[in-house]
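*Asks:*
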Amino acid sequence: MTTVQWTTKDFDVFTIDGLEPRMEALIEQIRPKFNELGEEFSHYFTVELGEEFFAHVAKHARRTVNPPHDSWVAFAPNKRGYKAMPHFQIGLFESHLFINLAVIYETPQKDAMAARLLAKPELFDALPENFYVAGDHMSPVTQNISEAIANGDVEKLLTRLQNVKKGEFIVGRTLSREETVALLPKAFHQVVEDTFNALLPIYKTMLNR
8 MTTVQWTTKD FDVFTIDGLE PRMEALIEQI RPKFNELGEE FSHYFTVELG EEFFAHVAKH
68 ARRTVNPPHD SWVAFAPNKR GYKAMPHFQI GLFESHLFIN LAVIYETPQK DAMAARLLAK
128 PELFDALPEN FYVAGDHMSP VTQNISEAIA NGDVEKLLTR LQNVKKGEFI VGRTLSREET
188 VALLPKAFHQ VVEDTFNALL PIYKTMLNR
């Protein structure tokens with residue numbers, strides 16, 4: 008069971024000016040927590056999905072000027088990388104923590120994945136009301152799942168995923184920084200596990216399992 012407990016100081020890392028100072032704080036404060044969560048939940052996915060999953064903690068290695076405005080640990084059944092396949096994430100922006108399933112523009116066959124999800128809208132009806140969808144993994148902006156279903160925006164996002172090269176689809180849950188820091192480690196673990204449990208049927212449908 009995780010010992011990870013988030014603090015206001017963790018979220019404040021993303022307010023530090025300058026690439027080097029922010030990266031230094033991120034590596035010292037946040038990365039050890041992502042490493043621990045990575046070890047714990049890669050095992051969870053391996054057990055739940057019957058294939059070995061690997062954790063990938065963001066390194067932000069390509070950045071030379073602009074400091075990162077978020078960071079994360081991602082999970083996928085590939086030791087070398089995760090961006091070219093559907094993947095799960097736990098991550099932080101300054102304003103909130105996110106737990107999600109993402110298909111980003113680098114994923115081959117995302118058109119087929121979108122088609123499978125478009126054929127099963129009931130998967131999204133079954134999600135908890137506090138879940139969200141989004142179409143840009145770089146942005147903190149999300150849309151409540153209930154509103155997105157009512158407005159036809161889930162279908163629009165999936166259609167864009169299917170037809171537009173840069174189309175992306177993210178579904179999951181956010182916790183405000185206040186909600187996150189109030190959670191003790193056991194409660195935080197349960198929130199993460201409950202979220203991933205709710206997302207597994209969508210992941211399996213994407214991959215036609």
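Start counting the sequence shown at 8; every next residue gets the next number (our numbering).
Where is the CB? At the ideal position from N, CA and C, for every residue including glycine.
1) Can you check which of these residues, 92, 12 and 98, is closest to residue 64 by C-alpha distance?
2) Which one of 66, 142, 147 and 86 has the shortest CA to CA distance from residue 37?
3) Under 7 Å Cβ to Cβ from residue 100, same chain only, skipping five residues before and after it: list those, please.
4) Looking at C-alpha atoms only, which residue of 104, 171, 43 and 81 is the closest neighbour of residue 139?
5) Excluding the five sequence neighbours on either side, which residues of its own chain have a C-beta within less than 8 Å of the C-beta of residue 32, listed in chain order?
6) Flag this pair as touching only if the stretch 127-144 and the stretch 173-182 have three or more C-beta atom pairs under 8 Å; answer yes or no.
7) To the nearest angstrom, how far is it from the Cα of residue 84 to the Cα of residue 56?
8) Quick check on the burial criterion: 16 or more other C-beta atoms within 10 angstroms. Buried or exposed for residue 201?
*Replies:* Taking the geometry as given:
1) Indexing the sequence shown from 1 puts residue 64 at position 57. Selected option, being the one with the closest Cα: 98.
2) Here the question's residue 37 lines up with position 30 in the sequence shown. Checked all of 66, 142, 147 and 86; the closest Cα to residue 37 is 66.
3) The residue labelled residue 100 in the question sits at position 93 within the sequence shown. The residues are 21, 76, 77 and 147.
4) Position 132 of the sequence shown holds residue 139. When only C-alpha atoms are compared, the closest one is 104.
5) Start at 1 with the first residue of the sequence shown, and residue 32 comes out as number 25. The residues are 20 and 23.
6) yes
7) Position 77 of the sequence shown, counting from 1, holds the residue named residue 84. Position 49 of the sequence shown, counting from 1, holds the residue named residue 56. Each residue's alpha carbon lies about 10 Å from the other.
8) Counting from 1 along the sequence shown, the entry for residue 201 is found at position 194. So residue 201 counts as exposed.
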